[in-house]
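Engineer: In the working numbering, the protein residues as written are 42 to 242. Using N, Cα and C, we set each Cβ at its ideal position, and we do this for glycine too.
Given below as structure tokens:
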């Protein structure tokens, strides 16, 4: 039996087989945000969506949790703008805020800190200050005023029962949540009790 001679490839085809394989095609380009569009800034698990207020050494931002999509207020404090006395005061006030758990006091959810910044993640009162509400809509009805005044007294009594006093209770620090309930904000809390009087420690 005569074996057939194997077929030979043309020189050009043989050269192609000897070349290294081509690299895979690049992935499709990702769509870019429009020019001028803001890129979300994150603090921990929260995306920053806007500014709620500003102070001399702090700014309050609106944040949204990346997973639950719940809204929070994030107070960002620049520690480099504070001396050691005022920084210690902030730390003490944060410790007091952690002790408070009342339906009409803004809740402190989380504290984050870097070498230069302090982040306080708190409950967000969507309807803002009662000061602005009164300025835009005028006085409250007697029923609504009575209900809100009771909420304020309830929160103040809760604090006093724990030997804590706010020291700066004013319309700008009385916030309104989604259901128009009072939420006391601001953190100039002090603690202590001597001879029936609050004292600063």
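Cα-Cα, which of 91, 160 and 188 is closest to residue 116?
Structural biologist: Among 91, 160 and 188, the Cα nearest to that of residue 116 is on 160.
Engineer: Would you mind sorting residue 71 into buried or exposed? The rule is 16 or more other CB atoms within 10 Å of its CB.
Structural biologist: With a pLDDT of only 46 at residue 71, under 50, the local geometry of the prediction cannot be trusted, and the value read off the model is given with reservation. The residue is exposed, with fewer than 16 neighbouring Cβ atoms inside 10 Å.
Engineer: The beta strand (DSSP E) with residue 117 in it runs from where to where?
Structural biologist: Element bounds for residue 117: 112 to 119.
Engineer: Please name the residue or residues paired with residue 87 in a DSSP beta bridge.
Structural biologist: 84 and 106, per the DSSP bridge assignment.
Engineer: Could you give the DSSP three-state label for residue 189: helix, strand or coil?
Structural biologist: Note: residue 189 maps to helix in three-state DSSP.
Engineer: Out of 211, 121 and 93, which one is the CA nearest neighbour of residue 102?
Structural biologist: For the residues 211, 121 and 93, the minimum Cα distance to residue 102 belongs to 93.
Engineer: Would you mind stating whether residue 162 and residue 104 have Cβ atoms separated by less than 8 Å?
Structural biologist: Yes. Within cutoff.
Engineer: According to the Cβ coordinates, are residue 217 and residue 169 closer than 8 Å?
Structural biologist: Result yes, Cβ atoms of residue 217 and residue 169 sit closer than 8 Å.
Engineer: Considering only the beta carbon of each residue, do residue 139 and residue 128 sit closer than 8 Å?
Structural biologist: Contact: no.
Engineer: To the nearest angstrom, how far is it from the Cα of residue 183 to the Cα of residue 189?
Structural biologist: Their backbone Cα atoms lie some 10 Å apart in a straight line.
Engineer: Restricting to Cα atoms, I'd like to know which of 118, 221 and 89 is closest to residue 173.
Structural biologist: It is 221 whose Cα lies nearest to the Cα of residue 173.
Engineer: Which residue wins for smallest C-alpha separation from residue 171, given the options 157, 158 and 193?
Structural biologist: Cα-wise, what sits closest to residue 171 is 193.
Engineer: Compute the Euclidean distance between the alpha carbons of residue 224 and residue 88, then round it to the nearest angstrom.
Structural biologist: Computed Cα separation, rounded: 23 Å.
Engineer: Report the three-state DSSP secondary structure of residue 132 (helix, strand or coil).
Structural biologist: The answer is helix: DSSP assigns residue 132 an H, G or I state.
Engineer: Inspect the beta-carbon positions of residue 122 and residue 86 and report whether they are closer than 8 Å.
Structural biologist: Against a cut-off of 8 Å, the Cβ pair of residue 86 and residue 122 comes out as no contact.
Engineer: Could you pull out every residue in the same chain whose Cβ sits closer than 6 Å to the Cβ of residue 153, ignoring the five residues on either side in sequence?
Structural biologist: Closer than 6 Å at Cβ, skipping near neighbours: 85 and 160.
Engineer: With burial defined as no fewer than 16 other Cβ atoms inside 10 Å of the residue's Cβ, what is the status of residue 201: buried or exposed?
Structural biologist: So residue 201 ends up on the exposed side.
Engineer: Please list, in chain order, all residues of the same chain as residue 113 whose beta carbon is under 6 Å from its beta carbon, the five residues on each side excluded.
Structural biologist: Correct list, in chain order: 104, 162 and 165.
Engineer: Can you list, in chain order, the residues of its chain with a C-beta nearer than 7 Å to that of residue 195? Leave out the 5 residues immediately preceding and following it.
Structural biologist: Result list for residue 195: 145, in chain order.
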